[in-house]
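Taking this note's numbering, the leading residue of the sequence shown gets 81, the next gets one more, and so forth. Reading through the structure tokens given below for one structure.
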Amino acid sequence: MPGTYFGPYGENRNDYAFEGNANRGRWPMGHTLILPDGREYKFALNDGTVEVAGNLYQSVAPVTNHVDVTADVARAIGAVIISATLGATAAAVDIYAEGTVHTSNDTAEGYAYRIRRAFSAGASHASAATSSVLTVNLEPNDKIKVALDTTSEVTFTRNRYHQVLIHPAPPTAGVAGVSPGVAAADRYYWSQVKGYSAVLVEGTLLAGLPVQADITTPGAVENYKRRVRTGGTTVIFLSNTAIWGAPLSDQDGSAVVVYAIASVASAAAAATYDISGGIAYNAPLVGMCVKANSTTQYALVDLNIN
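In structure tokens:
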């Protein structure tokens, strides 16, 4: 299981490419490395592309056809195997190694189990074709607590640090850290999650203020923003209603918008405008800007990715 390793400077740039069994992972995915200055990293497996330094990475997005799938056979209390019939998406060998299977609906719902680590192909699970049964092995001591039957629905979720990729814009899964740019395709490496890091910038950052995963440029960060609710239940203004313009701007001086404000009201123009919805975040918050370099450059960001 993941733990914590207090390592020397430079360990964060080691991909262990020239050590025995490098591709099997020296530590479990999600294992923590802490350097003497407090910078923190997670042990991760790169996807099938070369890493890009200073880019923000994310987990593999959930597969819809592996969510709420029905158990094919009953499993007794104490069993260390769970199986279910997938939808119309296949599963490759061991993609859920060190991941989680949880009972998401009906009988035995509400329990989560860790899938066994694969030290050799198939130790976690064999491949499963489209619409066929996927069988996963649980960690030996993480046994089924409540018996499953053939009405039980389960959901398979990859380890957060398994085959991470540059986040699309906006992200489609949880962020997994910033790359140090040392790993070739399909290699293990240390992904930075806390402390000072150079990160790709989109737009104008402001030193001392939070940043989020960018919603237009993959792998980049931008100023922290929130999205307000828009739209109404009916038309607010009539054609003969006097209107004033109210110019507003973003905190960094961009994106000027003119909002229409009615200067007179009439019974005919009265309407209900739905603003009951809460304020939503555009993308995950990842840290605070320390040095705001220009757009398309790399800023210094104090990461705080949980």
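The beta-carbon is built from N, C-alpha and C at its ideal position, and this holds for glycine as well.
For the pair A164 and A151, the CB atoms are nearer than the 9 Å cut-off. Across the set A198, F236, A208 and N94, the C-alpha of F236 shows the shortest separation from the C-alpha of T144. Per DSSP, the continuous beta strand (DSSP E) segment holding M368 begins and ends at L365 to K371. Around the C-beta of A201, fewer than 16 other C-beta atoms lie within 10 Å, and the residue is accordingly described as exposed. Our two residues, H111 and G257, have alpha carbons roughly 13 Å apart in a direct line.
Between Y276 and the set A379, A227, P108 and R93, the nearest pair of CA atoms involves A379. Residues L115 and P116 of the same chain have their beta carbon placed closer than 8 Å to that of P88, with the five preceding and five following residues left out of the count. Taken atom to atom, the span from the alpha-carbon of G118 to that of K274 is near 8 Å.
Here R267 carries a coil assignment [DSSP, helix/strand/coil]. According to DSSP, residue pairing for G275 in a beta bridge involves L383. DSSP links R194 through a beta bridge to T180. Within the DSSP secondary-structure output, Q292 pairs in a beta bridge with E302 and L365. Bounds of any beta strand (DSSP E) do not take in V281, whose DSSP letter is neither H nor E. Between the segment 245-261 and the segment 208-216, the count of C-beta pairs closer than 8 Å stays below three; the two stretches do not touch. When the beta-carbon positions are compared, P260 and D294 stay at least 9 Å from each other. Minimum Cα-Cα distance from G367 among the listed residues S374, P298 and Q292 corresponds to Q292. Shown here, E91 sits in a helix according to DSSP, grouped into three states.
Taken atom to atom, the span from the alpha-carbon of R106 to that of W270 is near 11 Å. Contact annotation: G299 and N185 have beta-carbon atoms that are not nearer than 9 Å. Burial is judged here by how many other beta carbons sit within 10 angstroms of a residue's own beta carbon; Q377 has fewer than 16 and is exposed. Here the C-alpha atom of V153 lies approximately 12 Å from the C-alpha atom of V234. Contact check for A177 against R196 passes: the beta carbons are separated by less than 9 Å.
In its chain, beyond the 5 residues on either side, H247, P251, A253, V255 and A256 have a beta carbon closer than 6 Å to the beta carbon of Q138.
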